[in-house]
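First to last, the sequence lines map onto chains A and B. Each residue of the first sequence is one higher than the one before, starting from 84 at the first, in our numbering. Each residue of the second sequence is one higher than the one before, starting from 286 at the first, in our numbering. Don't be surprised by glycine CBs; every beta carbon is placed ideally from N, CA and C. In this text the structure is predicted, and so the values were computed from the model without any measurement.
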Amino acid sequence: MNARTVLLTAVAVAFVAAAPVSGYLKLGTLVGTAVRGLRWNGPVRYFVTDRDVPGVTAPDLQRAVARAFGTWGSPSGVTVQAEFVGFTPAEPFASEGMSVIGFRSRPDLERTLGATTFTLDAVTGDVLESDIFLNAAFPWSTAPAGEAQRFDVESIALHEIGHLLGLGHSALGETELMPGGGRRVIAKGAVMFPIAFPPGNARDRVLDPDDVAGVSDIYGSASRDRTVGSISGRVTLGGRGVFGAHLTAFNTTTGDLIASFALDDEGHFVIAGLSAGIYIVRAEPLDDGDIDSFFDTQSQVDVGFKPAYASRLIGVSAGSGADAGEIKVPRK
Amino acid sequence: MRLVVASLALIAALASVRAAEAQATGRPGIEAGFRLVAMGPIRFDGAPANLISADGRPYALFTVSNSVGAELGIEGHVSAPLSAVFRAEGAVSVAQPTLRTRVSDDVEGADPVTVTDRLTRVSLEAALVAQVHRGRSSAWFVRAGGGWTRGVTSDRSLMAKGTVATVGSGVKYWVRGGPRRRGGFGVDAEGRVVARWQGLTLDGVRLHIVPAVVAGLFFGF
Numbered sequence: 084m085n086a087r088t089v090l091l092t093a094v095a096v097a098f099v100a101a102a103p104v105s106g107y108l109k110l111g112t113l114v115g116t117a118v119r120g121l122r123w124n125g126p127v128r129y130f131v132t133d134r135d136v137p138g139v140t141a142p143d144l145q146r147a148v149a150r151a152f153g154t155w156g157s158p159s160g161v162t163v164q165a166e167f168v169g170f171t172p173a174e175p176f177a178s179e180g181m182s183v184i185g186f187r188s189r190p191d192l193e194r195t196l197g198a199t200t201f202t203l204d205a206v207t208g209d210v211l212e213s214d215i216f217l218n219a220a221f222p223w224s225t226a227p228a229g230e231a232q233r234f235d236v237e238s239i240a241l242h243e244i245g246h247l248l249g250l251g252h253s254a255l256g257e258t259e260l261m262p263g264g265g266r267r268v269i270a271k272g273a274v275m276f277p278i279a280f281p282p283g284n285a286r287d288r289v290l291d292p293d294d295v296a297g298v299s300d301i302y303g304s305a306s307r308d309r310t311v312g313s314i315s316g317r318v319t320l321g322g323r324g325v326f327g328a329h330l331t332a333f334n335t336t337t338g339d340l341i342a343s344f345a346l347d348d349e350g351h352f353v354i355a356g357l358s359a360g361i362y363i364v365r366a367e368p369l370d371d372g373d374i375d376s377f378f379d380t381q382s383q384v385d386v387g388f389k390p391a392y393a394s395r396l397i398g399v400s401a402g403s404g405a406d407a408g409e410i411k412v413p414r415k
Numbered sequence: 286m287r288l289v290v291a292s293l294a295l296i297a298a299l300a301s302v303r304a305a306e307a308q309a310t311g312r313p314g315i316e317a318g319f320r321l322v323a324m325g326p327i328r329f330d331g332a333p334a335n336l337i338s339a340d341g342r343p344y345a346l347f348t349v350s351n352s353v354g355a356e357l358g359i360e361g362h363v364s365a366p367l368s369a370v371f372r373a374e375g376a377v378s379v380a381q382p383t384l385r386t387r388v389s390d391d392v393e394g395a396d397p398v399t400v401t402d403r404l405t406r407v408s409l410e411a412a413l414v415a416q417v418h419r420g421r422s423s424a425w426f427v428r429a430g431g432g433w434t435r436g437v438t439s440d441r442s443l444m445a446k447g448t449v450a451t452v453g454s455g456v457k458y459w460v461r462g463g464p465r466r467r468g469g470f471g472v473d474a475e476g477r478v479v480a481r482w483q484g485l486t487l488d489g490v491r492l493h494i495v496p497a498v499v500a501g502l503f504f505g506f
């Protein structure tokens with residue numbers, strides 16, 4: 084790291100069973116007084132570590148990573164370019180000027196399957212380097228349908244590459260506390276949900292509508308923007324705006340679930356990337372896990388309320404926004 | 286909506302003037318009028334609001350139950366004779382049905398709620414009407430038609446087009462005049478089956494079939 088760079092650590096951790104949740108938040112960095120969203124303006128040129136781990140060879144890892152990049156670039160109207168440069172003996176997180184994806188053994192991170200870091204230009208906010216590590220302390224597999232007792236490399240790579248592309252965590256999921264600490268995922272509706280499915284599960288190789296909405300927001304074309312719409316509104320509790328309320332838009336025809344947050348003190352929210360249709364909007368507190376998985380520690384996220392719904396059905400047409408009005412949530 | 290009502294009022298006014306001076310005999314002429322159309326209500330399934338659990342089973346965030354409330358619309362129509370039996374009819378109708386969704390079983394205990402939106406639906410239709418039995422002052426008829434429908438949400442944020450097809454049967458009764466004469470006026474009543482393809486709905490099913498009861502006034506020219 085030199086004077087022009089800043090290391091943006093860790094935003095992107097896939098927890099085995101630890102902290103939780105967020106709808107699609109985007110990663111960004113402060114450039115001067117403005118927050119600049121994290122975005123790659125050209126192809127992601129990445130290296131893969133040349134070391135095998137039990138069950139996964141370096142070429143296996145490289146192919147899984149290539150498929151995961153391909154998956155993020157697959158939604159219509161989304162342009163994600165990635166280029167595999169070669170294998171490297173370098174370690175992820177070494178800050179050597181290359182974007183490196185590979186295994187490292189970190190048994191001390193007993194609930195962390197993987198993480199993503201960035202080296203950014205502190206002046207421009209441009210991404211100089213981004214590394215992803217998968218924790219070799221866990222058992223891994225690249226078997227086509229997953230392998231019992233082993234975590235699926237492609238699923239976790241897909242999640243981490245989502246961070247590398249600029250996406251934060253999604254809160255579309257439900258968890259429960261485990262007796263020994265941490266959380267277990269009960270169900271989820273986004274690859275970018277912070278807690279992984281248990282070993283043997285390869286369901287997270289496919290993007291959910293919430294993931295597609297997120298990547299489209301950063302890498303979508305103007306033509307795609309004309310095919311989707313948005314819902315905006317405000318969440319209030321006793322007349323005051325609710326910062327950090329989690330909003331979910333449900334398409335009554337397709338069943339798609341796409342989420343966002345109220346991101347100011349007035350409780351205003353925007354849920355973008357919605358296909359045309361009629362929606363139900365639900366507001367809930369971010370109480371299904373650690374808030375700092377989604378917001379910085381200074382944020383005053385209000386979780387003292389019960390979930391509630393917008394009072395009417397909301398029609399969304401392509402290329403325009405609809406107003407959900409005020410969603411009044413009751414105190415818990 | 287105001288324009289349609291005004292047009293219908295104008296048609297009715299013109300018709301009453303012409304009806305008074307009509308009563309000419311010979312082939313039936315052009316007819317115009319308006320009808321009240323009562324439909325529904327209907328209930329239908331919606332897409333489930335499901336997350337996916339680790340074993341691949343759906344996990345409901347909440348459940349929904351959808352319906353379209355009973356609707357009362359107005360239909361203006363004009364028809365012209367093609368033969369002694371058949372008439373060609375053009376019709377425009379306007380209705381404001383209420384889409385209604387009951388949301389319940391919230392996974393985190395949100396109170397059940399019914400969310401609604403009132404649509405405005407306009408349909409244009411062409412139909413063929415066959416008078417299958419004609420008496421002195423009444424006629425039984427069958428009617429089949431099809432056309433185009435357009436629905437708009439209450440805040441006009443979403444518009445969707447679709448197609449519509451109808452079949453029906455009913456009776457016309459001439460208060461003055463008769464089925465074999467030009468002019469006159471009367472009332473008609475009809476039972477219909479309405480099939481809508483696409484348009485604004487709350488489910489993934491593209492075809493909805495709804496029964497309807499229709500009654501109105503007509504005027505001959």
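Contacts between phenylalanine 333 of chain A and chain B, judged by CB atoms closer than 7 Å, involve Ala334 in chain order.
Sequence-ordered contacts of the stretch 428 to 457 of chain B with chain A read Val437, Thr438, Ser439, Asp440, Arg441, Ser442, Leu443, Met444, Ala445 [C-beta pairs closer than 9 Å]. Taking C-beta separations shorter than 6 Å and ignoring five residues to either side along the sequence, the partners of phenylalanine 329 of chain B in its chain run Asn351, Asp488, following chain order.
Assigned with DSSP and collapsed to three states, glycine 404 of chain A falls in strand.
Taken in chain order, the complete beta strand (DSSP E) segments of 3 residues or longer contained in the stretch 284 to 336 of chain A are 312 to 320, 329 to 334.
Within its own chain, the residues whose Cβ lies closer than 7 Å to the Cβ of glutamate 259 of chain A, once the five positions on either side in sequence are excluded, are Arg266, Arg267, Ile269, listed in chain order. The contact set of aspartate 488 of chain B on chain A, defined by CB atoms closer than 9 Å, consists of Thr335, Thr336 in chain order.
With contacts defined as CB atoms closer than 9 Å, phenylalanine 426 of chain B and valine 456 of chain B qualify as a contacting pair. As for any beta strand (DSSP E) of minimum length 3 sitting wholly inside the stretch 424 to 470 of chain B, the runs are 444 to 461, ordered along the chain.
Looking only at A/Arg309, A/Ala165, A/Ser182, the smallest Cα-Cα distance to alanine 173 of chain A is reached by A/Ser182. The DSSP-derived three-state label of proline 366 of chain B is strand.
Look at the stretch 99 to 146 of chain A and you find these whole runs of beta strand (DSSP E), each 3 residues long or longer: 111 to 114, 117 to 120, 127 to 132. At a cut-off of 9 Å between beta-carbon atoms, arginine 317 of chain A makes no contact with chain B.
Between alanine 412 of chain B and threonine 451 of chain B, the CB-CB gap stays under 9 Å.
Fewer than three Cβ pairs drawn from the stretch 307 to 325 of chain A and the stretch 140 to 157 of chain A lie within less than 8 Å of each other, which leaves the two stretches out of contact. Taken in chain order, the unbroken stretches of alpha helix (DSSP H) that lie wholly in the stretch 187 to 266 of chain A and span 4 residues or more are 236 to 247. Between glycine 125 of chain A and glutamine 164 of chain A, the C-beta spacing is below 9 Å. One finds nothing in chain A with a Cβ atom closer than 8 Å to the Cβ of isoleucine 327 of chain B; even the nearest lies about 15 Å away. Of the residues assessed, methionine 261 of chain A falls on the exposed side of the cut-off, its CB having fewer than 16 other CB atoms within 10 angstroms.
For the pair serine 306 of chain A and leucine 203 of chain A, the Cα-to-Cα distance works out to about 29 Å. In terms of Cα proximity to threonine 112 of chain A, the closest of A/Gly185, A/Tyr129, A/Val206, A/Gly180 is A/Val206. From the beta-carbon of leucine 321 of chain B, no residue of chain A is found nearer than 9 Å; the closest lies around 26 Å away. Cβ contact annotation for valine 407 of chain B (same chain, cutoff 6 Å, sequence separation greater than five): Val379, Arg435, in chain order. For the set B/Arg312, B/Ile315, B/Pro313, B/Leu321, the Cα lying nearest the Cα of aspartate 473 of chain B is the one of B/Leu321. Note that the C-beta distance between serine 315 of chain A and alanine 279 of chain A is not below 9 Å. One Cα belongs to isoleucine 374 of chain A, the other to leucine 346 of chain A, and the distance between them is close to 14 Å. At a cut-off of 9 Å, the C-beta of glycine 387 of chain A has no neighbouring C-beta in chain B. A Cβ-Cβ distance of about 6 Å is found for the pair phenylalanine 276 of chain A and leucine 255 of chain A, placing them in contact under the 8 Å criterion.
Close CB contacts of valine 377 of chain B within its chain, under the 6 Å cut and outside five residues either way in sequence, are with Gly361, Leu409 (chain order).
Secondary structure of alanine 334 of chain B (DSSP, three-state): strand. Phenylalanine 152 of chain A sits in a helix when the DSSP states are folded into three classes.
Only buried fits arginine 481 of chain B, as 16 or more other CB atoms lie within 10 angstroms of its CB.
Annotated three-state conformation of serine 178 of chain A is coil, per DSSP. In the three-state reduction of the DSSP assignment, aspartate 488 of chain B falls in the coil class. Taking a Cβ-Cβ threshold of 7 Å, the residues of chain B close to arginine 286 of chain A are Ile337, Gly341, in chain order.
When the five nearest sequence neighbours on each side are left out, the beta carbons in the same chain lying within less than 6 Å of the beta carbon of valine 349 of chain B are those of Gly331, Thr386, Val388, in order along the chain.
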